[in-house]
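The next block holds one structure in the form of structure tokens; read it before the comments.
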Amino acid sequence: MSKQAASLPVIDRAADTPCCPPLAQRRVPAETAAVLAPAFKALGDPVRLQLMSMIASAEGGEACVCDLTPAFDLTGPTISHHLKTLREAGLVDAERRGTWVYYRARPAILRQLAALLTVEPAALA
């Protein structure tokens with residue numbers, strides 16, 4: 001285990017309460033940034049952002065990879081790679097059912113990211 005990983009504080013990405021104040025109110029601590037940056041990085045790709053949107057807005061709260069793949073002009077392995085990146089970033093959970101894998105958004109981490117990006121009108125003045 002590296003020193004960097006050992007020194008990171010425990011930030012519960014599954015917690016419903018914000019990890020820290022919005023970045024417009026106070027500087028994000030380095031440790032918090034290191035924990036949350038992989039999720040932002042994963043969403044920085046247009047295909048992954050679209051996949052995340054499709055999963056998060058799916059009826060019933062989950063989407064089958066069989067429904068996600070045809071929405072893109074990409075190969076199945078490329079879509080699988082993008083979904084793996086979202087899963088490793090903690091943004092989605094996956095469950096295999098027979099041949100197919102179903103993906104669900106993890107709302108708590110999405111709330112953490114949204115809270116960090118919240119900008120109050122007074123903060124813009």
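Numbering-wise (the UniProt record's numbering), the sequence shown opens with residue 1 and increments by one. For every residue, glycine included, the Cβ atom is placed at its ideal position computed from N, Cα and C. Please read all numbers here as calculations on a predicted model, not as lab measurements.
Reducing DSSP to helix, strand and coil, say where residue i ends up.
{"i": "residue 28", "result": "coil"}
{"i": "residue 58", "result": "coil"}
{"i": "residue 119", "result": "coil"}
{"i": "residue 94", "result": "strand"}
{"i": "residue 75", "result": "coil"}
{"i": "residue 37", "result": "helix"}
{"i": "residue 212", "result": "This structure cannot speak to residue 212, because the chain is shown only from 1 to 125."}
{"i": "residue 4", "result": "Summary for residue 4: the model assigns pLDDT 36, below 50, so the residue's position carries little reliability, and this model does not support an answer."}
{"i": "residue 89", "result": "coil"}
Check the DSSP bridge columns for residue i and list the partner residues they point to.
{"i": "residue 63", "result": "103"}
Can you list, in chain order, the residues of its chain whose CB lies under 6 Å from that of residue i, leaving out five sequence neighbours each side?
{"i": "residue 87", "result": "94"}
{"i": "residue 89", "result": "38, 39, 42"}
Excluding the 5 residues flanking residue i on each side, which residues of the same chain have their C-beta closer than 8 Å to its C-beta?
{"i": "residue 91", "result": "39, 42, 43, 52, 105, 106, 109, 110"}
{"i": "residue 83", "result": "51, 65, 68, 92, 94, 101, 103"}
{"i": "residue 85", "result": "42, 45, 48"}
If you check the beta carbons only, do residue i and residue j fall under 8 Å apart?
{"i": "residue 117", "j": "residue 46", "result": "no"}
Beta-carbon within less than 7 Å of residue i's beta-carbon, same chain only, minus the 5 sequence neighbours each way: which residues are those?
{"i": "residue 49", "result": "43"}
{"i": "residue 62", "result": "102, 103, 104"}
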